[in-house]
Amino acid sequence: YTMISASIITTAVGAGFLLTAAFRSVFNEWSIANDVTLGVTVTATGASICALHVLAKKALEKKEGKATPLLKKVYLFFMLAIFSVSGLVSVPWAIYSIANYYVEDHSEEWMYFSDPSGSIAAAVVIVPLWIYYLMRVMRNTRAEKQEQSSDEGVSTAI
């Protein structure tokens with residue numbers, strides 16, 4: 003679960019670089035080749051490692067039986083916590099960056115103006131992952147409650 007978590011975060015960072023390149027082409031004429039190369043490399047690496055670990059986890063579960071519910075719960079809450087905090091930072095940062103970009107005076111050619119590409123990309127990657135893990139935690143919690151209530155029903159029937 004640890005490697006799956008790390009590889010998902012790595013893949014998200016790579017996707018962020020790819021989106022940064024896409025948004026940079028909208029906000030200015032900077033070269034995006036470096037962002038695209040970095041994004042593809044990091045995304046492919048993270049996705050490959052994630053796929054290998056998910057396949058290995060499934061093979062072990064099939065061989066040994068069910069996964070440890072505690073490990074799964076810790077993994078889901080850890081990922082939810084990571085993306086919750088990241089989302090709480092990235093969304094206001096993106097809004098501020100967009101507002102600041104349009105408020106800045108761009109008439110001075112010698113000044114550096116930061117575009118909001120990176121902050122928008124971070125929010126676009128993080129928020130869907132936060133929603134995904136929130137839904138997984140809710141589904142897992144509901145399944146545990148149903149399992150407990152069905153277990154209680156069996157024990158009272160005996």
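Heads up: the sequence shown begins at 3 in the working numbering, then just goes up one per residue. For glycine and all other residues, C-beta sits at the position ideal for the given N, C-alpha and C.
Rounded to the nearest whole angstrom, the CA to CA distance from ILE6 to PHE79 is 14 Å. For ASN102, the closest of SER88, THR22, ASP117 and LEU40 by C-alpha to C-alpha distance is ASP117.
Counting along the chain, no alpha helix (DSSP H) covers GLU106, and no H or E run does either. Under the 10 Å beta carbon count, LEU72 is surrounded by fewer than 16 other beta carbons and is classified as exposed. One thing to note: PHE19 has its Cβ no nearer than 7 Å to the Cβ of ILE122. Look at THR22 here: in three-state DSSP terms it is helix. ALA23 places its beta carbon less than 7 Å from that of ILE34. Rounded to whole angstroms, the gap between the alpha carbons of HIS55 and VAL44 is 17 Å. If you draw a straight line from the Cα of ILE133 to the Cα of VAL105, it comes to about 31 Å.
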